[in-house]
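See below for the structure under consideration.
Residue numbers (my numbering): 447 to 897.
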């Protein structure tokens, strides 16, 4: 999650049961966030132990097929509202109630289902052929879910009005994102087994990274501020984020981008006009501002949910009075232009990138410099997915990164810290009226007392 965090300390393999505050100590965001993560992991582990890999009460996420209409509206699905658990994660698709204004008419009854096209987090487009359901039967329908960060950009109601518009936002929120999607499986005798094999292939860990600090060959820092022997040369504590931009293999076109602030430096977009972007703010201070030469990514809710990876343009010019920036190229068509999708510019820090697309070409088996002595190393033979990321805390007091090491002080390789996606099959559609449910259900334990 791209929040303004000091670091993320929760580790499932440490089996901690609680975070215990002590009197007179500094309170850290990492401690509070670890407590929330411990409780969430415990609740989800308990649910998974009791329910199994997936299941739900009632008719939540029941699937029915809606054929193409005579007016050539594309085929669709009805997705029954309700709750479902995948790997212990609660996924709630209940439609929110519509409020009634003072003196206004009675709101329409809330529907008990979504359609394939209007589900809230898939951002499907009936004009995009790739988004259409398969034109031939059979095919499988599945549920995928993951957790994402919500800030005041996506939900302004989080902000405390008393703090004023110029103050930084406060706490963010985590939200479970879900999508119902089709999967074409050829020649499968058992759709369940074929789906399990497909999920195993998609979730297999095939990329590893290690991080360290190494004193640069050329040192220009003030020795009164940094020790001449320091490996990490940064003037501030940072949480570096290394994120895969273009997936694939190193031999093909895999690239990555990085941020010294966990990708949390963002600027909400007000308007787009060719290469000019009008922003709600240019940043609170110089550290969190935009500068000519910065690499930025134009994103919105749909771009993020689809896992897209567009080129990262360079900031060429800044109009301070108009709160505008001119980019080196026009953003990808269809991205950043709908206010309802919360468009924003996200700053990345590989300013010196000369690669096409503004990212860094991924190279394996060699130490790659980020900045200020921070280096990363990718294990040879990896396969990379867009959005996979690693977090690397760097600290001035130790002049080093906070990264696990073996007994000899060598950095250990780590699998991506996210994004973790969770999958469950919902239905095997053999025909418009021939649907095999793959859901699992359970009933409440409590029953009326008899006798």
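The beta carbon of each residue, even a glycine, is placed where N, CA and C say it ideally should be.
Less than 8 Å separating the beta-carbons of residue 706 and residue 795?
yes
Run through the region 509–576 for me and flag every whole beta strand (DSSP E) of 3 or more residues, listed as ranges in chain order.
509–512, 522–526, 529–532, 535–538 and 559–561
Answer yes or no: do residue 456 and residue 484 have a C-beta to C-beta separation smaller than 8 Å?
Residue 484 sits close to residue 456, with the two beta carbons spaced by under 8 Å.
Cα separation between residue 535 and residue 507?
14 Å
Looking at residue 791: is its Cβ nearer than 8 Å to the Cβ of residue 847?
no
Could you spell out where the beta strand (DSSP E) holding residue 644 opens and where it closes?
Per DSSP, residue 644 belongs to no beta strand (DSSP E); it is in the alpha helix (DSSP H), 637–649.
In or out: residue 726 buried (at least 16 other Cβ within 10 Å) or exposed?
exposed
Would the region 808–824 count as touching the region 737–747 if we require 3 or more Cβ pairs under 8 Å?
no
Compare the C-alpha of residue 808 against each of 454, 828 and 793 and name the closest.
828
Based on DSSP bridge pairs, tell me the residues matched to residue 725.
715
Kindly provide the ranges of any alpha helix (DSSP H) runs that are 4 or more residues long and lie completely inside the region 587–643, ordered along the chain.
none
Within 8 Å, strictly: CB atoms of residue 510 and residue 881
For residue 510 and residue 881, yes; Cβs fall inside 8 Å.
Rounded separation between residue 495 and residue 779 - CA only:
When rounded, the distance between both Cα atoms is 45 Å.
Is residue 879 buried or exposed, if buried means 16 or more other CB atoms sit within 10 Å of its CB?
exposed
For my contact list, residue 834 and residue 623 are in at a C-beta cut-off of 8 Å; report their separation, rounded to the angstrom.
The beta carbons of residue 834 and residue 623 sit about 17 Å from each other, so the pair does not count as a contact at 8 Å.
Give me, in chain order, the residues of the same chain whose beta-carbon lies closer than 6 Å to that of residue 527; leave out the 5 immediate sequence neighbours on both sides.
539, 540, 541, 558 and 559
Under 8 Å, with one C-beta from each stretch per pair, do the region 625–643 and the region 578–589 reach the 3-pair mark?
yes
Enumerate, from N- to C-terminal direction, the unbroken beta strand (DSSP E) stretches of 3 or more residues contained entirely within the region 768–818.
770–773, 790–794 and 813–815
Integer-rounded CB distance, given that residue 740 should sit under 8 Å from residue 761:
Their Cβ separation, rounded to whole angstroms, is 5 Å, which keeps residue 761 and residue 740 in contact under 8 Å.
Under 8 Å between C-beta atoms of residue 803 and residue 758
Closer than 8 Å, so yes.
Please list, in chain order, all residues of the same chain as residue 767 whose beta carbon is under 8 Å from its beta carbon, the five residues on each side excluded.
The beta carbon of residue 767 sits closer than 8 Å to no other beta carbon from its chain once the five residues preceding and following it are set aside.
Residues near residue 888 in its chain [Cβ-Cβ closer than 8 Å; skip 5 each side]:
497, 501, 502 and 503
Secondary structure at residue 660, three-state DSSP: helix, strand or coil?
If DSSP states are grouped into helix, strand and coil, residue 660 belongs with coil.
Could you tell me which residues DSSP puts in a beta bridge with residue 741?
In DSSP, residue 741 forms a bridge with 760 and 794.
Proximity of residue 451 and residue 708 at Cβ, strictly below 8 Å:
yes
Pick from 775, 514, 788 and 693: whose alpha carbon is nearest that of residue 832?
Ranking 775, 514, 788 and 693 by Cα distance to residue 832 puts 693 first.
Rounded to a whole number of angstroms, what is the C-alpha to C-alpha distance between residue 687 and residue 704?
5 Å
Under three-state DSSP, which class holds residue 692?
strand
With 16 other CB atoms within 10 Å as the buried threshold, where does residue 659 fall?
buried
Name the two residues that bound the continuous alpha helix (DSSP H) containing residue 485.
Residue 485: member of the alpha helix (DSSP H) spanning 475–497, first to last residue.
Measure the C-alpha to C-alpha separation of residue 823 and residue 464 and round it to an integer number of angstroms.
33 Å
Supposed close pair residue 884, residue 638 - CB separation, criterion 8 Å
At roughly 6 Å, the Cβ-Cβ gap stays under 8 Å, so residue 884 and residue 638 are in contact.
Compare the Cα-Cα distances from residue 680 to each of 577, 593, 662 and 695 and report the closest residue.
662
What is the residue span of the alpha helix (DSSP H) that residue 880 lies within?
It is not in any alpha helix (DSSP H) - residue 880 instead sits in the beta strand (DSSP E) that spans 880–883.
With a 10 Å radius around its C-beta and 16 neighbouring C-beta atoms as the bar for buried, classify residue 635 as buried or exposed.
exposed
By the three-class DSSP mapping on this structure, what secondary structure does residue 750 have?
Residue state, collapsed to three classes: helix.
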